[in-house]
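Residues -13 to 251, numbered by the numbering used here, are exactly what the sequence shown covers, in order.
Just so it is clear, CB atoms sit at the ideal spot from N, CA and C, and this is done for glycine as well.
Computed from a predicted structure; not experimentally measured.
This report refers to the structure that appears directly beneath it.
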Amino acid sequence: MNRKIRIALAMVLLACLLAACSKKQEAPAAYKVGEDEVVSLDSIMGEGEAVLTSVEEPTEAALEEGEEKYVYHYRQSADPAKLAAEYIGVLRGSEQGFSLVDLEHRKLAEEPSLDTLTGEIVLAKKSAGAAEGESKLFRVIVAWSEFALAVEVSQQAGSILPPIVEEEQQEEEFQPTAILEQVDYFNSLKPWDIGLEGDDMGDYKVYPKQGWVLVDSFSCREMDVYLEDVRDGSNAYMGTYFLSSDLQHLYQKDSSGQIVPIDLK
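This is the structure:
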């Protein structure tokens, strides 16, 4: 049905151009469908900006099936796109209360471009004729080409739906580990694997420093390690280590002051 609407509007605009649509119609102050009413293009444009040349009314068969739709065709406009944009702006105003939607009646997530040679914009709001508990819309479609405009008004079943927002796939930003997590990881290592004595790290005190230092292009936290003397509570400095933020790389400052890697495998 939506595809048919698009094709129909395009064909109507083309037919209007080919036939020159020379017959001038009486300009209405408003477009009406059932209980719904909206200000017409004629009522907002200046004299000579465009001419209403024909009106397509629903057939008896369409009315019997509940499909009441009117299409108003305009020609002799110097700038159809500009006129269409002005009319769309009026429809979106607080007095008219229409929202931009797609043909499935979903609100548009982004503002459409109106500065195009040809285009089509769909607007809708809740129908004044909707019964209690009924979902019914009053819809206006504004279409334009290089030389003509068309305005379609109709009532549609349904309600205005929220927009479809495409989630942007973003690369996961690496979150550096917290100080306590790094200290816990360091204390889980075996002393002999990092050049210390003993069976576990329980005898050692680790003092991490705030901030990060760059070692071999890795963000690392500097940690000073001390051995606690249980007899008097004093601490003996045992070395300085650098643990990467992803816990994958460990370095040690040797006796000469050089920072050398430690294999954690």
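- A contact between stretches requires three or more CB pairs, one per stretch, nearer than 8 Å, and the segment 94 to 103 fails this requirement with the segment 32 to 50.
- For a cut-off of 8 Å, the C-beta gap from R92 to L147 is around 4 Å, short enough to register as a contact.
- Between L123 and L27, the C-beta spacing is not below 9 Å.
- Among the bridge pairs identified by DSSP, G105 is matched with W130.
- Straight through space, the alpha carbons of I165 and F84 are spaced by roughly 55 Å.
- Distance between S230 and S80, taken at the CA atoms: about 58 Å.
- Judged by beta-carbon spacing, V37 lies within the 9 Å limit of R61, meaning their Cβ atoms are closer than that value.
- With fewer than 16 neighbouring CB atoms inside 10 Å of its own CB, P247 falls in the exposed class.
- Taking the CA atoms as reference points, D210 sits about 57 Å from E97.
- The Cβ-Cβ distance between E33 and S63 does not fall below 9 Å.
- Closest by C-alpha distance to A116, out of E132, A129, A143, is A143.
- Cβ atoms of D189 and L213 come within 8 Å of each other, at about 6 Å.
- Looking from the CA of A222, the closest CA among L89, Y193, D65 belongs to Y193.
- Distance from the CA atom of E208 to the CA atom of T226, rounded to whole angstroms, is 7 Å.
- Around the C-beta of V19, 16 or more other C-beta atoms lie within 10 Å, and the residue is accordingly described as buried.
- In the three-state scheme derived from DSSP, where H, G and I count as helix and E and B as strand, R78 is classed as helix.
- In the assembly as shown, S113 is a buried residue. Its beta-carbon has 16 or more other beta-carbons within 10 Å.
- Inter-residue distance for Q82 and A129 is about 19 Å (C-alpha atoms, whole angstroms).
- Between Y56 and V139, the gap from beta carbon to beta carbon is short of 9 Å.
- T39 and G52 have their C-alpha atoms roughly 26 Å apart.
- Annotation note: the segment 8 to 42 contains the following uninterrupted beta strand (DSSP E) runs of length 3 or greater, listed N- to C-terminal: 16 to 19, 22 to 25, 37 to 42.
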